[in-house]
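First to last, the protein sequences are chains R and S. Residue 1 is where the first sequence starts when you use the numbering used here, and the numbers rise one by one after that. Residue 1001 is where the second sequence starts when you use the numbering used here, and the numbers rise one by one after that. Every residue, glycine too, gets a C-beta built ideally from N, C-alpha and C. Computed from a prediction, not measured in an experiment: that's the story for all the values here. Below is one structure, written out as structure tokens, with a few remarks after it.
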Amino acid sequence: DEKQPSIKTFFMPE
Amino acid sequence: SIKDSVKLCNFNCSQSQGITVQAIDDSRVLLIALKIDAGSFQEFRCDKDLVLGLDLESLSKILKQGNNEEYLTLMAEDSPDNLMAVFEDKKKDRISEFSLKLMDIDSDVLTIDDMETDCTITLPAYEFAKIAKDMKTLSESLKIVVTKDSVKFNAEGQIGTGSVILKPHTDMDKPEESVKIELNSPVALTFGAKYLNDIVKATSLSSTVTIKLTDKSPALFEYKLPSGYLRYYLAPKFDD
Chain R
1 DEKQPSIKTF
11 FMPE
Chain S
1001 SIKDSVKLCN
1011 FNCSQSQGIT
1021 VQAIDDSRVL
1031 LIALKIDAGS
1041 FQEFRCDKDL
1051 VLGLDLESLS
1061 KILKQGNNEE
1071 YLTLMAEDSP
1081 DNLMAVFEDK
1091 KKDRISEFSL
1101 KLMDIDSDVL
1111 TIDDMETDCT
1121 ITLPAYEFAK
1131 IAKDMKTLSE
1141 SLKIVVTKDS
1151 VKFNAEGQIG
1161 TGSVILKPHT
1171 DMDKPEESVK
1181 IELNSPVALT
1191 FGAKYLNDIV
1201 KATSLSSTVT
1211 IKLTDKSPAL
1221 FEYKLPSGYL
1231 RYYLAPKFDD
């Protein structure tokens, strides 16, 4: 099974 | 190109940067970064930095009112409630004016640093669009496997499997038809086919697309504009 992480987990909030 | 991925987004206007947009799609998987440099416009004036909150569906309705050969002027006051759009057909002396209500849009802005990349692939935009569309009919995931000799797009679905392999080549007469692979280390990543199909809606904006891939990191899909870019950052899927 594949998991789709959120793009937000890869970038820091400004 | 992006209105099927995001409905509301802030257009940041400044004299030095032109127009920039950062938006995340509703499912939080795709990050969109658009930059239209001031030099893209015949005339660009921004006395004070402005944020224009726009509903893209509404903007699209307004933009469709104009014909391709007409001049378009977009105007906003210092603290605007509306964006004015004026279309002018100078031959026919026809002027049409529209006003679009602006919105207050709360959006998280993310910091995007220059990433180290394992590999960079440049290929014709229409070629990538065809692969993304074709493979979506087979599977909801598309695996991209890059080695120094080739890039392989692989789909495994209920009805069967499919793959397209592209090898690097240089077309001297039509450079935009070339396929280029720059590789630091081989990479294999899986992406949601739905999002790839959202991305290829930008195909008409550029003859080529550049894809930057790094293990366990979001992929960058870049369509270069005459002066600026449209970039999509897509989070990869992982085995559970």
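Assuming residue i and residue j make a contact with CB atoms under 8 angstroms, what is their CB distance in whole Å?
i       : j       : result
S:M1103 : S:L1008 : 6 angstroms
S:A1125 : S:S1207 : 6 angstroms
S:L1110 : R:K8    : 7 angstroms
S:A1219 : R:F10   : Their Cβ separation, rounded to whole angstroms, is 11 angstroms, which puts S:A1219 and R:F10 out of contact at 8 angstroms.
S:A1132 : S:S1001 : Contact flag wrong, Cβ pair sits at about 14 angstroms.
R:Q4    : S:V1200 : Rounded, the Cβ-Cβ distance is 19 angstroms, inconsistent with contact.
Looking at the structure shown, is residue i part of a helix, part of a strand, or coil, going by DSSP?
i       : result
S:F1044 : coil
S:V1109 : coil
S:K1101 : strand
S:L1059 : helix
S:N985  : Because chain S spans 1001 through 1240 in this model, residue 985 of chain S falls outside it and cannot be assessed.
S:S1141 : strand
S:F1153 : strand
S:T1147 : coil
S:K1224 : strand
S:P1175 : helix
Please return the same chain residues whose Cβ sits closer than 6 angstroms to the Cβ of residue i, not counting the five positions on each side in sequence.
i       : result
S:Y1071 : E1088
S:N1012 : T1020 and V1051
S:V1145 : K1152 and A1188
S:I1062 : A1085, F1098 and L1100
S:Y1233 : L1031, P1218 and L1220
Just how far apart, CA to CA, sit residue i and residue j?
i       : j       : result
S:R1045 : S:K1194 : 38 angstroms
S:E1176 : S:K1143 : 24 angstroms
R:D1    : S:K1237 : 10 angstroms
S:I1159 : S:S1185 : 33 angstroms
S:L1059 : S:M1084 : 11 angstroms
R:S6    : S:I1024 : 10 angstroms
S:T1120 : S:T1210 : 7 angstroms
S:N1197 : S:L1074 : 30 angstroms
S:I1032 : S:Q1022 : 6 angstroms
S:R1094 : S:F1221 : 39 angstroms
S:S1027 : S:D1114 : 24 angstroms
S:T1161 : R:E14   : 41 angstroms
S:S1079 : S:N1067 : 29 angstroms
S:D1118 : S:T1170 : 21 angstroms
S:G1018 : S:S1217 : 29 angstroms
S:T1147 : S:S1204 : 28 angstroms
S:L1230 : S:F1128 : 16 angstroms
S:T1122 : S:K1174 : 14 angstroms
Tell me which same chain residues have a C-beta within less than 7 angstroms of the C-beta of residue i, skipping the five on either side of it?
i       : result
S:M1082 : Note that residue 1082 of chain S is Asn in the sequence shown here, rather than Met. Excluding positions up to five away in sequence, the list reads S1099, L1100, K1101 and L1102.
S:Q1065 : F1087, S1096 and F1098
Here's a check: name, in chain order, each residue in its chain whose Cβ is nearer than 8 angstroms to the Cβ of residue i, leaving out the five neighbours to either side.
i       : result
S:M1150 : The amino acid at residue 1150 of chain S is misidentified as Met; the sequence shows Ser. Correct list, in chain order: I1165, L1166, K1167, P1168 and I1181.
S:L1056 : I1002, K1003, V1006, K1007, L1008 and C1009
S:S1141 : A1155, E1156, T1190, F1191, G1192, A1193 and K1237
Review point. Can at least three beta-carbon pairs, one atom from the stretch 1039-1051 of chain S and one from the stretch 1219-1230 of chain S, be found at a separation below 8 angstroms?
Key: These segments touch.
Review point. Got a sec: which bits of the stretch 1084-1113 of chain S sit with their beta carbon under 9 angstroms from any beta carbon on chain A, in order along the chain?
Key: The chain labelled as chain A is not found among the protein chains of the depicted structure, namely R and S.
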